[in-house]
Amino acid sequence: MTRLPDIAAFPPPAHNHDGCVADALATAEELCRTRGLRFTAIRRRVLELVWESHKPIGAYDILDALNRAGKKAAPPTVYRALEFLIEADLVHRLDSLNAFVGCPDPSSSHTGQFLICRGCHSVAELDDADIDSLVRTKAGALGFSAVHQMLEIQGLCIACSETASESP
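First residue of the sequence shown: 2, per my numbering; consecutive thereafter.
Next comes the structure, spelled out in structure tokens:
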């Protein structure tokens, strides 16, 4: 299993997400088939909604999109689908935003570092083992045993930084 094709960390506003969605769905189908997991229609649709942009999406936004499309879904249905997608390493939950983003490298479990743009709300995932190791080492030196690690960094992407610097 390979990583999804490389895309710009913070794609331009005119970026067409259709390719991202298609690649994510194909990767998910292969991964689920390989692991013997059921990739149901609702799980597929939820993953598709998560990948429709590079911005995090909340569970209730997913629910609204499903209901607008005529799918009579209840919150537990969406949360169960998201739980499956997280367990399958297809989606990450961003705690600070209570929202979800697609994982560009679902081939193996990993901790991620997430760059969250405060301007356009896009998210880019880093997967740097050195950062992960440094955090675990520093935590261990303080007698702290990290069980789960996710680093969320807020700032401005290059496009929003340029826009901010152009403002009077």
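Cβ atoms here follow ideal geometry from the backbone N, Cα and C, with glycine treated the same way.
{"Check": "8 Å Cβ shell around A165 - same chain, five flanking residues per side excluded", "Outcome": "G120 and L157"}
{"Check": "Cα-Cα separation between L64 and C161, rounded to whole angstroms", "Outcome": "29 Å"}
{"Check": "Identity of the residues DSSP links to V92 by a beta bridge", "Outcome": "G103"}
{"Check": "Cβ distance (whole Å) where A147 is taken to contact R137 below 8 Å", "Outcome": "6 Å"}
{"Check": "Every unbroken alpha helix (DSSP H) within the stretch 101 to 156, with a cutoff of 4 residues, ordered by chain", "Outcome": "130 to 142"}
{"Check": "Contiguous beta strand (DSSP E) assignments of at least 3 residues, all confined to the stretch 33 to 101", "Outcome": "92 to 95"}
{"Check": "Whole-Å CB distance - L32 paired with A89, under 8 Å assumed", "Outcome": "7 Å"}
{"Check": "CA-to-CA distance, R36 to N68, given in whole angstroms", "Outcome": "30 Å"}
{"Check": "Contact under 8 Å by Cβ, V92 with L48", "Outcome": "yes"}
{"Check": "Contact set for I154: own chain, Cβ-Cβ below 8 Å, skip 5 residues either direction", "Outcome": "Q114, F115, L116 and I117"}
{"Check": "Sub-8 Å separation of I87 and R94 beta-carbons", "Outcome": "yes"}
{"Check": "Burial state of E163 (16 or more Cβ within 10 Å)", "Outcome": "exposed"}
{"Check": "Cβ neighbours of L143 in the same chain (closer than 7 Å, five flanking residues each side left out)", "Outcome": "none"}
{"Check": "C158, DSSP secondary structure in three states", "Outcome": "coil"}
{"Check": "Which listed residue (F145, D19, H122 and L135) has its alpha carbon closest to that of S97", "Outcome": "H122"}
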